[in-house]
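>
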Amino acid sequence: MMMKGLKKWRLFSLLAAVTVFLAGCGQEQLSILLPAGQVGKDQFNLLILSSVIMLIVIIVVVIIYVIALIRFRRSKLGEDHIPKQTEGSHILELVWTVVPILLILVLAVPTVYYTYKLGNVTAMDAVDEEGNTENLVVDVTAKLFWWEFEYPELGIVTAQELVVPMDEKVYFNLIAADVKHSFWIPAVGGKLDTNVENVNKFYLSFEKDSKDLKDGVFYGKCAELCGPSHALMDFKVKTMPRAEFDTWVTAMQATGEETTDVAAVGQGEELFQQSCIACHATSAVGETGAIGPNLATFGDRNRIAGFMDHDKESLKEWIKDPQKYKPGNKMQSFGDMSDEDLDAIAEYLMGLSVEK
Amino acid sequence: MSSVAQKRGFGATLWDWLTTVDHKKIGILYLLGGGIFFVIGGIEALIIRIQLLKPNNDFVSAGLFNEIITMHGTTMIFLAAMPILIGFMNVVMPLQIGARDVAFPFLNSLGFWMFFFGGLFLNVSWLFGQVPDAGWTSYASLSIASEGHGIDFYAIGLQIAGGGTLIGGINFLVTIITMRAPGMTYMRMPLFSWTTLVASAMILFAFPPLTVGLFFLTFDRMFGGNFFDHTMGGNTIIWEHIFWIFGHPEVYILILPAFGIFSEIIPMFSRKRLFGYAAMVFATVLIGFLGFMVWAHHMFTVGLGPTANAIFSVSTMAIAIPTGVKIFNWLLTMWGGSIKMTTPMLYAISFIPSFVMGGVTGVMLGSAPLDYQLHDTYFVIAHFHYVIVGGVVLGILAGTHYWWPKMFGTMLNEPLGKITFALFLIGFHMTFLIQHWLGFWGMPRRVFTFMDGQGWNLANVISSVGALLMGLGILVLIINIIITSVKNVRVGNDPWGDGRTLEWAIESPPKFYNFAQTPLVRGLDTVWIEKMEGNKSGFTAAEPVQDIHMPNGSIIPMIMSFGLFIGGFGAMFHAEEAWGLPLLIFGLFVTFASMATRSLKDDLGYYVKKADIERDLKQKGGRN
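Just so you know, the protein sequences line up as chains A and B, in that order. When we follow full-length UniProt numbering, the leftmost residue of the first sequence carries the number 1, and every step to the right adds one. When we follow full-length UniProt numbering, the leftmost residue of the second sequence carries the number 1, and every step to the right adds one.
Dropping the structure here:
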């Protein structure tokens, strides 16, 4: 009985330790300590390696420090004690120059290796015999304060929610349309800036299905101060197996073919055509460069404006006064729109889906 | 202040301070100005932490938050940390090398007033309600897009203040090179003077790029230049390079003098010569040199390509080596010593582990692929506060307690000092340790708020409570200063009892001419050597008592700086107000007219008569 109790206790304490450890790792959808892709894993390995080296340094310093503070206190040695005025030691100077050099080398070699590995985008332009690119390329345009994702080879565009296939390298072309931003999906890999004057290229790979996450998405962030609503410039990332992704692409490409049956148009769509279409497209077929985010997949999305709850109430609030929720954004307010009209538009937008 | 000055009226005293060219008084002005800006920057920090206390907080608005973080960073770096350190350099360095003043007393005054009016210009932006809001780095695309005059205040204010710093740096360089007392060879110079020399050399090379960058920014925003407008052929990345070519050396300009302060305090309160003095000097110079080789590590995510990133990764890591040498030499200085836990020493010993933690996270950030993850997150916030607060601010607080009796002739209260220390140190680690994890957990920096449900809530509460403790610590320090000043218990030459360098062989505070006779320096820690050989005064003179040549005070530096201050407003409003251009011209006229006056009117200074010096010596009942 006692042994059993002890075992249980051991198990419990182990469980407690694991819980604390996991809590220290943050949340799966946005922690760099729980990497969900090869790039993030490489960077995580460097984090562990450098932390271990640095802990060694800290431990050595702390040991010398504590012993010195305990042994050589004046209260112990007496007020009149005059210590020997040591000049220094060449051997010691050599030791604490050479040992750190070796420690730095241990970190520097993998650093250089991974810098070149993660910077290698030569496969981006690779084409097969028919001239199609071999890898998926996504063109990202960062705007105040939202993200546009174009799939140039597939002829489709979306916004705010990036959809990518799992277990392959996805290449990104990054640029900003107004001021500098920075594209970052913490759980998947490090960031790269979206500059205003040049396209930056890099790749990420996604190795975990976002379905299994708390909200069904990875979190993406803007990591460069870009104005008042920098903090709210979030986006989301959906990962799925390749086959599912292909289905999604087909559905996206089909949004352009819908012929609007004038008689069947609902009130919401009619209102949308009058008030919103100038900035927001509802067809995913097209290119980058829209004034406002593409809304073709609005009903599939996880958040409104990147950060607000995805429900009709929030959507109506947002349409009435976007500046209140995301100061400095470029959308105009529709404060004088009637509640009925807002309901209709919200109803319509929530119905825009390629996944349902 | 001499007894003669105390009898004068308020107006005369004020005039005395406005016109002073005495390095000790200018140093105190720097400390006062820097101290006021430090409190302002601290209040801004507290507002930041209140706003981030809980998710979706609305204590301040998004736009105001960006203004506050920008002003917090800019104020703390340019208007608090640098001026306070320059204040210590001003007061202490000439005393340590046995000089009667700096090489160019007039320029010294000009440097202070330019800093003061530049800082004032920057902070006047609050009254206009148009405050810099693009971060202390003011990256070009955002700073060009920023509306209102906020960024103009930043560009012009820093231009004026930066000019003052450059003047100060050149002045210290010339002073150390040409005005060391007989026997004070470079390798006998106290470490604080060495770090002053290296930091001044770094100022000389680091500030001109900032000047150029700020001129570009000013011309882009106010006069239609297109340096950073990519649609007109400009390039915003150029700003990032220029800023960091200045900005990285800048952090070493801050930390080296702090290293210098600790290199004075640790030997004194260990009663032991600094271990490995030559290695310490070499490490200081090497850090100063390498400091210019690593700027692009702030730009790993800009897309410079793997080769540039790899080179700057390795050069960054290399800086850890001389820094490590310093840490171990401090430890070995304490080893075998006789350690006395005074307030300055408490700061010094807490600095060592605090700074090591900031240093090692710096090496981690130096690994480019890892930096792709950590850049612009709270991990970076934690890192640089560990080096700047754990290094520079602890150094400043230590130096304040350490040299207070030398500057004012009375000692800060030790128990209160220790309370400040405990509150500040606990608060500091509480605020910033947890922020490393906030970075790991995906929290970007410079966010005015955060959504609930991301696992960041508790960590932010802990951080905010820590900030409050730091604030309380500073409050106790201010109370301490007031109590001490009121009590005003006078102390002698060497109030800590274990003085090793020249400043402890003269009066507290020193006479305006510092040394009645120029000292003879017989080795490193010359005062200690003299005392150990039985010379209780710790002082040997290198010359007989004779007339001393001193410079006259002047109001011109203040007027000259004031001209730039009002000219700045003219430049800013020249496009929209009729009075703008005339005001700009008038301001520049005031400045140039002051310069002309200074150049054309001979001011040869005056002599302190031998008889007066002998009377001063007799009053004390002995030599120096």
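Using N, Cα and C, we set each Cβ at its ideal position, and we do this for glycine too.
Taking any Cβ of chain B, which residues in the stretch 177-198 of chain A have a Cβ under 8 Å from it, in chain order?
Those residues of the stretch 177-198 of chain A that come within reach of chain B (Cβ to Cβ, closer than 8 Å) are Asp178, Val179, Lys180, Ser182, Trp184, Pro186, Ala187, Gly189, Gly190, Lys191, Leu192, Asp193, Asn195, Val196, Glu197 and Asn198.
> Any idea what DSSP makes of Gly621 of chain B, helix, strand or coil?
Unreliable placement is indicated for Gly621 of chain B, whose pLDDT of 48 sits below 50; no coordinate value is reported for it.
> Is Ala318 of chain B closer than 8 Å to Ser229 of chain A when the C-beta atoms are compared?
Contact flag unset, no.
> Using a Cβ cut-off of 8 Å (strictly closer), state whether Asn66 of chain B contacts chain A.
Closer than 8 Å to some Cβ of chain A, the Cβ of Asn66 of chain B qualifies, so yes.
> Put Asp128 of chain A into one of helix, strand or coil per three-state DSSP.
In this structure, Asp128 of chain A counts as coil in the three-state DSSP scheme.
> Exposed or buried, Ile77 of chain B, counting other C-beta atoms within 10 Å across all chains shown (16 or more means buried)?
The residue in question, Ile77 of chain B, is buried, as its Cβ has 16 or more Cβ neighbours within 10 Å.
> Sort B:Met341, B:Pro369 and B:Phe259 by Cα distance to Gly324 of chain B and report the nearest one.
Of the listed residues, the one whose Cα sits closest to Gly324 of chain B is B:Phe259.
> Any C-beta of chain B sitting closer than 8 Å to the C-beta of Trp318 of chain A?
Output row for Trp318 of chain A: interface = no.
> So is Asp139 of chain A in contact with chain B if we call contact Cβ pairs under 8 Å?
Chain B, which has no Cβ nearer than 8 Å to the Cβ of Asp139 of chain A, makes this no.
> Compute every distance between the C-beta of Ile555 of chain B and the non-hydrogen atoms of the ligand FAD, then say whether any falls below 7 Å.
Although the ligand FAD was asked about, the structure shown includes no ligands whatsoever.
> If we count the other Cβ atoms within 10 Å of its Cβ and call it buried at 16 or more, is Val137 of chain A buried or exposed?
Result: buried.
> So, does the CB of Phe307 of chain A fall closer than 8 Å to a CB anywhere in chain B?
Phe307 of chain A counts as touching chain B.
> Closer than 8 Å, CB to CB, is Trp96 of chain A near chain B or not?
Trp96 of chain A counts as touching chain B.
> With which residues is Ser182 of chain A paired in a DSSP beta bridge?
Paired residue(s): A:Asp193.
> Pick helix, strand or coil for Val302 of chain B, following the three-state DSSP scheme.
Helix, per DSSP.
> Rounding to the nearest angstrom, what Cα-Cα distance links Ile238 of chain B and Ala140 of chain B in this structure?
Near 9 Å, if we compare the C-alpha coordinates of Ala140 of chain B and Ile238 of chain B.
> Taking buried to mean at least 16 other C-beta atoms within 10 Å of its own C-beta, is Ile555 of chain B buried or exposed?
That one is exposed.
> Can you find a CB in chain D that lies within less than 8 Å of the CB of Arg73 of chain A?
No chain D appears in the structure shown, which is made up of the protein chains A and B.
> Who are the Cβ neighbours of Thr288 of chain A in its own chain at under 7 Å, not counting the five residues just before and after it?
Result list for Thr288 of chain A: Asp139, Thr141, Glu148, Glu150 and Val157, in chain order.
> Return the CA-CA distance between Gly605 of chain B and Asn552 of chain B, expressed in angstroms with no decimal places.
Going by the C-alpha atoms only, they are around 5 Å apart.
> Counting only Cβ-Cβ distances shorter than 9 Å, please list the residues of the stretch 445-461 of chain B near chain A, keeping chain order.
Answer in chain order: Arg445, Arg446, Val447, Phe448, Thr449, Phe450, Met451, Gly453, Gln454, Gly455 and Trp456.
> Considering only residues of the same chain and omitting the five flanking positions on each side of Ile266 of chain B, which have a CB-CB separation below 6 Å?
Hits under 6 Å: Trp330, Thr333 and Ala348.
> Near Leu174 of chain A, what residues of its chain come up, given a Cβ to Cβ distance below 7 Å and the 5 sequence neighbours on each side ignored?
Cβ neighbours of Leu174 of chain A beyond the five flanking positions: Val140, Phe183, Leu192, Thr194, Val199 and Asn200.
> Compile a chain-ordered list of the residues in the stretch 230-246 of chain B whose CB is closer than 8 Å to at least one CB of chain A.
Those would be His230, Asn235, Thr236 and Ile237, in chain order.
> Of all the CB atoms in chain B, is at least one closer than 8 Å to the CB of Val52 of chain A?
So no, Val52 of chain A is outside the interface.
> Using the Cβ count rule (16 or more neighbours within 10 Å means buried), how would you classify Arg445 of chain B?
Arg445 of chain B should be labelled buried.
> Using the three-state DSSP reduction, which class does residue 642 of chain B fall into: helix, strand or coil?
Residue coverage of chain B in this structure runs from 1 to 624, which leaves residue 642 of chain B outside it and unanswerable.
> Please confirm whether Lys208 of chain A has its beta-carbon closer than 8 Å to some beta-carbon of chain B.
So, not an interface residue.
> Name the residue from B:Glu503, B:Phe428, B:Lys406 and B:Ala368 whose alpha carbon lies nearest to the alpha carbon of Gly391 of chain B.
If we check each option's Cα against that of Gly391 of chain B, B:Phe428 comes out closest.
> Please report whether the beta-carbon of Lys531 of chain B lies at a distance below 8 Å from any beta-carbon of chain A.
No - not a single Cβ of chain A is within 8 Å of the one on Lys531 of chain B.
> Consider the Cβ of Thr501 of chain B: report whether some Cβ of chain A lies at a distance smaller than 8 Å.
Not closer than 8 Å to any Cβ of chain A, the Cβ of Thr501 of chain B fails to qualify, so no.
> How many angstroms separate the CA atom of Asp547 of chain B from the CA atom of Lys511 of chain B?
Rounded to whole angstroms, Asp547 of chain B to Lys511 of chain B spans 15 Å at the Cα level.
> Would you mind stating whether Leu477 of chain B and Thr518 of chain B have Cβ atoms separated by less than 8 Å?
Contact: no.
> Which word fits Ser3 of chain B, buried or exposed, when buried means at least 16 other C-beta atoms lie within 10 angstroms of its C-beta?
Residue placement at Ser3 of chain B is poorly supported in this model, since its pLDDT is 43, which falls under 50; the coordinates are not used for a value here.
> For chain A, is any of its Cβ atoms less than 8 Å away from the one on Asp376 of chain B?
True, the Cβ-Cβ gap to chain A drops below 8 Å.
> Would you call the stretch 222-241 of chain A and the stretch 53-60 of chain B in contact, with 3 or more CB pairs under 8 Å?
No, they do not touch.
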